[in-house]
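In my numbering, the protein residues as written are 53 to 264.
Below: one structure, written as structure tokens.
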Ligand SMILES: *Cc1c(COP(=O)(O)O)cnc(C)c1O
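What follows is the structure, encoded as structure tokens:
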């Protein structure tokens, strides 16, 4: 895959106050150069190996690295000190590991299992308060907001419900802990327009940015 030809026109359709993160899993490391030429500096990787490959290759470029996939603890060590944002904080053990390893706070989104689907990642809603309470004790975690993935094949109506639910959760948690958790990372190629309507501050786009 390569960057779509009309990328600049496409980028102009994204509201300026929304941060577009390019999910770069579809492209090889050489193609990343094209993203930079078009001033796309927020990159999201979901696998440790491909992240490291691109990270080392472009180490001296001003890329903002987002890790957007599930981060297994046995591989986490390699990425924790190299990324700018983690979108998938979903366990206390991972949080504690990050806290130990980092020398400065890592900006983290808590991944929320908004549909409480089994075998999916993310913190369940009934465990969220306790989770935040624990994470707030860790000095090297900077909570910035929440991340979610919508259920596959949802109708527009169902998407709206799921995205709006995350926004309600955000408001509740900000009130409860008297802190600011301003970011909502939600919306992918198929649903980002609805996510933006529902308050997304960060969208993670893959497929739609590329062509064969
Ligand atoms: C691949 C990926 C995306 C982007 O998905 P597209 O449907 O290709 O836009 C977003 N978030 C995560 C976690 C991903 O792995």
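C-beta: ideal position from N, C-alpha, C; glycine also.
Treat the numbers as computed from the prediction; the structure is a model and nothing was measured.
Can you give the beta carbon distance from residue i to residue j, rounded, assuming they're within the 8 Å contact cut?
| i | j | result |
| --- | --- | --- |
| residue 240 | residue 258 | 7 Å |
| residue 72 | residue 255 | 6 Å |
| residue 236 | residue 223 | So it is not a contact: roughly 11 Å between Cβ atoms. |
| residue 140 | residue 200 | At roughly 10 Å, the Cβ-Cβ gap does not stay under 8 Å, so residue 140 and residue 200 are not in contact. |
| residue 214 | residue 167 | 7 Å |
| residue 151 | residue 192 | 4 Å |
| residue 157 | residue 106 | Residue 157 to residue 106, Cβ: 24 Å. No contact. |
| residue 123 | residue 261 | About 23 Å; that fails the 8 Å criterion. |
| residue 162 | residue 211 | Wrong, their Cβ atoms sit about 20 Å apart, outside the cutoff. |
| residue 104 | residue 130 | 6 Å |
What residues are listed by DSSP as bridge partners for residue i?
| i | result |
| --- | --- |
| residue 263 | 54 |
| residue 103 | For residue 103, which the question treats as bridged, DSSP gives no partner whatsoever. |
| residue 235 | 197 |
| residue 94 | 116 |
| residue 256 | 73 |
What residue from the options has the CA that sits closest to residue i's CA?
| i | options | result |
| --- | --- | --- |
| residue 134 | 144, 162, 101 | 101 |
| residue 132 | 199, 159, 218 | 159 |
| residue 164 | 216, 136, 113 | 216 |
| residue 92 | 167, 113, 108 | 113 |
| residue 115 | 121, 95, 176 | 95 |
| residue 61 | 81, 229, 90 | 90 |
| residue 230 | 209, 58, 109, 181 | 181 |
| residue 226 | 77, 196, 246, 118 | 196 |
| residue 176 | 194, 218, 125, 244 | 218 |
| residue 121 | 108, 203, 138 | 138 |
| residue 171 | 162, 153, 203, 189 | 203 |
| residue 149 | 169, 264, 128 | 128 |
| residue 117 | 76, 146, 234 | 76 |
| residue 80 | 145, 58, 99, 205 | 99 |
| residue 65 | 264, 250, 244 | 244 |
| residue 263 | 179, 78, 174, 63 | 78 |
| residue 188 | 144, 70, 68 | 144 |
Taking 7 Å as the cut-off, does the CB of residue i come closer than this to any heavy atom belonging to ligand 2?
| i | result |
| --- | --- |
| residue 240 | Ligand 2 is absent from the structure shown, which contains only ligand 1. |
Whole alpha helix (DSSP H) elements within the stretch 130–179, 4-residue minimum: List check, alpha helix (DSSP H) in window: 144–153.
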